[in-house]
Structure formats: C-alpha cells, structure tokens
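What follows is a set of notes on a single structure, which appears directly below.
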Amino acid sequence: MNKKNKIKIIVNGKQMTIKLKFSLKNLVDKLKLPIGRVAIELNRQIVNKKNISRVLLKTGDKIEVVHFIGGG
Amino acid sequence: MKKDNFIIANKKFSSRLIVGTGKYKNMKECAKAIEISGAEMVTVAVRRVNISDKSKPRLMDYIDPKKITYLPNTAGCFTSKEALRTLRLAREIGGWKLVKLEVLGDKKNLFPDMIETLKSTEILTKEGFKVMVYCGDDPLMAKRLENSGASAIMPLAAPIGSGLGIQNKLNIKIIRQQTKLSLIIDAGIGQASDATEAMELGCDGVLINTAIAKAKYPYQMAEAMKYAVISGRKSYLSGRIKPNLLGSASTTNKGLI
Chain A
1 MNKKNKIKII VNGKQMTIKL KFSLKNLVDK LKLPIGRVAI ELNRQIVNKK NISRVLLKTG
61 DKIEVVHFIG GG
Chain B
1001 MKKDNFIIAN KKFSSRLIVG TGKYKNMKEC AKAIEISGAE MVTVAVRRVN ISDKSKPRLM
1061 DYIDPKKITY LPNTAGCFTS KEALRTLRLA REIGGWKLVK LEVLGDKKNL FPDMIETLKS
1121 TEILTKEGFK VMVYCGDDPL MAKRLENSGA SAIMPLAAPI GSGLGIQNKL NIKIIRQQTK
1181 LSLIIDAGIG QASDATEAME LGCDGVLINT AIAKAKYPYQ MAEAMKYAVI SGRKSYLSGR
1241 IKPNLLGSAS TTNKGLI
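Just so you know, the sequences run in chain order A and B.
Numbering (the numbering used here) for the first sequence: 1 to 72.
Numbering (the numbering used here) for the second sequence: 1001 to 1257.
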C-alpha cells in the first residue's frame, strides 16, 4: 500500500488510517454509524449531518461521534 | 375532577414520575422498569459511540423516543463549557431541545456548582433550549434560575444516589410557595414514601434513578414509585386536615349505651 495515499485521524480517541479524499460521509459508512442516532463533532465543531458528504477529512482531524446511553 | 396534567415546556404528561436510565443490569431491565413505572419521560446521557464493538445494545433499540420523551442530561459535567458542549451535541442527535442541565461541583457529594449552572441556564435558554435544571435546595438560587429562563427547577432531596430522602422540607416548601414553574425533586429519593412526601410538599414531579435501578427488585420498586407519586399528588390536591395536637373521636357519642 502506498503510504502517501493515507492519512491518520482520531475517532473517539482512537487513531484510524483512512484514504486521501475520504469524506465524513465515507467514514460514517465505513463505521456503519446510524446517522439518525448520533451527533458528530469535527475538531470541536458540531457538523451538520446534512453536509457530511461535503466535509473532506485531513491529517490529524479529531472526530467525536456520540449517542445516547442510559443515565440518571 | 378535572384532569391533572403535568405540563413542561408546553408538553403534556399524565405521569409525574421521571425515571433515569442509568445503573440497571442491562437495557432490557431498564426498559421493563420504565414500562412498569408508567414514566413518560426518561433521562439519558450523551457518550461516545463504541466504534470498535458495535454489538453492544443501544438505548434507542429498547426505549423508543417516539413513545417516551428523552431528556438528555449533562451527567458528569463539571463546567458550563462541558455542559453546553454536551447539550448542543444532544440537540444535534435529533432535535432535542428539552434538556436536563446538571453541572456538578464536587466529585464526592455531587452537589451542583450553582454559578456554572446559572451561567449555563442563561446561555442555553438564549439558544432556544428548554432547560430543566438540577440545583441545590436554596430558594434564592431557585429564584435566580427562574429569572434566567429555566423551564423547571429540580432541587435535590439529598445527594445523588444517596437514597436519604428529603433532608430540607422547609426549603422545598419555600421554593414551592415562591414559584409557579414546574418543581421536581431530582435526587436522593430512597423509597416510595420519599416520593410521596415530595408530592405532598407540592412538587410537580419526582425524578428517580438509583432507588429503582439498585433496589433488590427493581420492577416492584418501579411500581411502588408509580403509586407513591400518584398517591402523594392526590393527597396534596385533596386538602389535608389541619394537624391537631389533641384527639378528635371519629365516632359520635350520641346513642352511646
């Protein structure tokens, strides 16, 4: 594999390697995330879920994907 | 008798019991306890999705947000910044604007940091959130929260998860007298009589998590809490008799042999 075509990002605190020109939508699909049940932050900014196919990921991007869990 | 609905942020509920969804053995137990309790609103927390293990059960698969109102909370937040971030994310998940704000100030007693809480309430209200606020039982702070646009005031009865029951009835009574806002006891309930007492003090509702989830028999306790809240509310609305130091016989002496 050609390393030049790969970039490293952090998703929920874990490092991931993805292809160049990978969009947030590609990531959501790769991780099989239920888009209607999560919220996504890119570098501390909330991303409008309608726009995820337009957001291209860059090296070092930090992504947080959250959902609801049980809590008091 | 006219229908006694519980209204929060223009939404009508018939149950005055709000249940927390944490600390249960599993999601199945949690969902069943909620069903038995009759609660129509549950608190939920915002956390990272486990991206490496997707087999973990998901809350929404067990509790349908179309049937039960989700009340996203800020459990675990110790600053206004953290709380705002959490609730903005909660809103993004699917349009949740009715939220529970909880900014803690101390890791041991879990009392709220009221300065951070007040600050957050003002900002969230301006952003269009309907904020139900976990707070101490200080009537002055409760008033300030009301002035900041809170949708409901939720004082603690005792520390979160302590099960100690209502420690300061006087303050709860004073808060009740001074506000028309929804007043909900949020933390510290241990047993059914605590919930009844809260309702008899005039509270509009009770929020319970640990007392049900950690009871030896959570389903039985869920049912007990359901009736405790109904009972306390009816008692409050029924106009209790004036307490009297001396006895007053229930049977007439007329015709006594």
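Glycine included, each C-beta is placed from N, C-alpha and C at the ideal position.
- Interface flag for V28 (chain A) against chain B is unset, since no Cβ pair is found closer than 8 Å.
- Between the alpha carbons of L27 (chain A) and D1053 (chain B) lies a gap of roughly 16 Å.
- With a beta-carbon spacing of about 12 Å, I1160 (chain B) and C1135 (chain B) fall beyond the 8 Å limit used to define contacts.
- Taking 3 residues as the minimum length, the beta strand (DSSP E) runs contained wholly in the stretch 1048-1078 of chain B are 1069-1072, in order along the chain.
- Collapsing the DSSP output to three states places Y1024 (chain B) in coil.
- Chain order gives the chain B residues near R37 (chain A) as R1058, M1060, I1093 and G1094, where near means a beta carbon separation below 8 Å.
- Under the criterion of beta carbons closer than 8 Å, T1210 (chain B) and G72 (chain A) qualify as touching, at roughly 7 Å.
- Taking E1200 (chain B) as the centre and dropping the five residues before and after it, the same chain places the C-beta of G1232, S1235 and Y1236 closer than 7 Å to its C-beta, in chain order.
- Beyond the five residues adjoining it in sequence on each side, K1130 (chain B) comes within less than 8 Å, by CB distance, of I1008, A1009, K1097, L1098, V1099 and S1151 in the same chain, given in chain order.
- Interface flag for V65 (chain A) against chain B is set, since a Cβ pair is found closer than 8 Å.
- Within chain A, the residues placing a beta-carbon under 9 Å from that of A1045 (chain B) are F68, I69, G70, G71 and G72, ordered along the chain.
- Chain A places a beta carbon closer than 8 Å to that of T1210 (chain B), counting this residue as a contact.
- When DSSP assignments are scanned along the stretch 1090-1165 of chain B, the uninterrupted stretches of alpha helix (DSSP H) that are 4 or more residues long and fall wholly within it turn out to be 1114-1126 and 1139-1147.
- Counting the other CB atoms within 10 Å of its CB gives P34 (chain A) a total below 16, which places it among the exposed residues.
- In this structure the stretch 1014-1030 of chain B touches the stretch 1209-1227 of chain B; the number of beta carbon pairs closer than 8 Å is three or more.
- By the rule that beta-carbons nearer than 8 Å mark a contact, K32 (chain A) touches chain B.
- Residues of chain A with a Cβ closer than 7 Å to the Cβ of C1030 (chain B) are, in chain order, G70.
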